[in-house]
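This report refers to the structure that appears directly beneath it.
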Amino acid sequence: MRSLAASFALFAAFVNAKDSIEIHCQDANESVPAEILYSTALYPNSPIIYKNSLLFAEYSADRLTFLDGSTFWRRDGCGPSGVTRYHYNSLLVACYDDNSIVQIHENGTTLARVSHSAVDSAGFLGPTDFALDTFGGVYFTAPGTYESWGPSKPATGSIHYIPKPENGVISEYIYRVASGIRYPNGIAVTSNGQSLLVSETFSNVVSSYEIFSNALIQRNFLSAPTLFVNLSQVVDGFMGPAGMKLLDGVLYQAEFEGARVLKFWEDGGFVGSVEFNTPTFKNISNVWVEWDSIYVTAASEDSSGQEKPGLILRIDDPLLKTRAHLNCDITGNAVEL
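Per mature numbering (1 follows the signal peptide of the UniProt record, and there is no 0), the sequence shown runs over residues -17 to -1, 1 to 320.
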């Protein structure tokens, strides 16, 4: 058990870490306000605005955390990768490590945990991210086995669909709607509800699936994928698209190994990028966009093991939607916890 003195020392390190890491953003003509909100997150991911604060997943700590450092929910072995607001005053959590989807109440209690489908009697390996559809159902990505980790490995990933539950609690009636994907990661439904966008990390592309709706049974089906954008034709090198958010006709695509966020119109046209110049926090895992603010989770590359100290940062840019290029310098180092 950690001593009281050690606890105070760790708290002091947290405070000093936030003070010692800075971000400054500008384009060719002006500076843009930016701030480090949290600097001691353990492999942060999937930020969302919730309960008048920012809630985010800490993969290496098995918990969901608020910006004040308080734990909203925790499950040993979960490895949370994605979280989304859901119906009936609840949230859904994608537990990457224990291959399950967990529904939690707004008070932080667990309502349901599902680890396999009653439809095909199969599980889903590595649930990662969510996207709600027009029927109130939700899609989620499952990248597949660890053997599929890499651009030359087998494509074992899949996309699954959870219909809106009548009683408010998710069940094991989960449908596999696409498979044979090379590490599906971020996911979003287009603003017209007619297409599903999915980032394929190790193919370095974003694919588009047409959504076919069946109002009688209130669930959707997907077409074969088409190419939305090949990121290799937008930026040099392999970057590994991760989480994404779509707001007001613009797709914000996090680049896990690229230290950047790319922006696209819904027709695939390139808008611009937010570049992060940092020797440490290169793994941009996900984003959240609210009005003119973008919240970004970034993990460090220089940490050993799974506990990767990371940042949550915010950029307030009135030209966020259309700005072609924003350059952000991050200075300082993560605290090894």
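Using N, Cα and C, we set each Cβ at its ideal position, and we do this for glycine too.
Computed from a predicted model, the values in this text were never measured in an experiment.
- Task: State the Cα-Cα distance for the pair G109 and A138, rounded to the nearest angstrom.
- Result: 14 Å
- Item | Straight-line gap, R46 to S3 (C-alpha atoms, nearest Å) | Rounded to whole angstroms, the separation of the alpha carbons of S3 and R46 is 25 Å.
- Query: With 16 as the cutoff for other CB atoms within 10 Å, does N203 come out buried or exposed?
  - Reply: buried
- Is A276 near R297, with beta carbons less than 8 Å apart? Position check: residue 276 holds Ser in this sequence, whereas Ala was assumed. Contact: yes.
- Query: Looking at F123 and D112, is the spacing between their C-beta atoms short of 8 Å?
  - Reply: yes
- G252 vs S29 beta-carbon contact at 8 Å: no
- Item | Continuous beta strand (DSSP E) stretch holding I295: start and end | Where I295 is concerned, the enclosing beta strand (DSSP E) starts and stops at 292 to 299.
- Task: From the DSSP output, in three-state form, read off G288 for me.
- Result: Confidence is the limiting factor: at G288 the pLDDT is only 49, short of 50, which leaves the residue's position unreliable and the question unanswerable from this model.
- Message: Within 10 Å of its beta-carbon, does I313 have 16 or more other beta-carbons around it, so buried, or fewer, so exposed?
- Response: buried
- Which residues in the same chain have their Cβ closer than 6 Å to the Cβ of G288, if we skip the five residues on either side of it in sequence? Residue confidence for G288 is low, a pLDDT of 49 falling below 50, so the modelled location carries little weight and cannot support an answer.
- Alpha-carbon spacing of residue 332 relative to A161, whole angstroms: The first residue shown for the chain is -17 and the last is 320, placing residue 332 beyond what the model contains.
- Message: With a threshold of 6 Å on Cβ separation, who are the neighbours of A114 within its own chain once the five nearest residues in sequence on each side are excluded?
- Response: Y122, I170, A171, V172
- Item | S73: first and last residue of the uninterrupted beta strand (DSSP E) it sits in | 73 to 78
- Query: Can you give the Cα-Cα distance for S174 and S182, rounded to whole angstroms?
  - Reply: 17 Å
- Message: At the level of alpha carbons, what is the spacing between residue 323 and E273?
- Response: Outside the modelled stretch of the chain, which goes from -17 to 320, sits residue 323, for which no answer is possible.
- Message: Using DSSP's beta-bridge definition, name the partner residues of I6.
- Response: I313
- Task: Using a threshold of 8 Å, state whether the C-beta atoms of C311 and C8 are closer than that.
- Result: yes
- Item | Where L214 sits in the DSSP three-state scheme | helix
- Item | Beta carbon of A242 nearer than 8 Å to that of K265 | Yes, Cβ-Cβ distance for A242 and K265 is below 8 Å.
- Message: Using only the alpha-carbon positions, how far apart do G119 and S178 sit?
- Response: Between G119 and S178, the C-alpha separation is close to 15 Å.
- For P126 and N187, believed in contact at Cβ under 8 Å, the rounded distance: Rounded, the Cβ-Cβ distance is 15 Å, inconsistent with contact.
- Hey, which unbroken runs of the beta strand (DSSP E) at 3 residues or more fall wholly within the region 147 to 224? 158 to 164, 167 to 172, 178 to 183, 188 to 197, 202 to 205, 209 to 213
- Item | Rounded straight-line distance, which links the Cα of D103 to that of K246 | 37 Å
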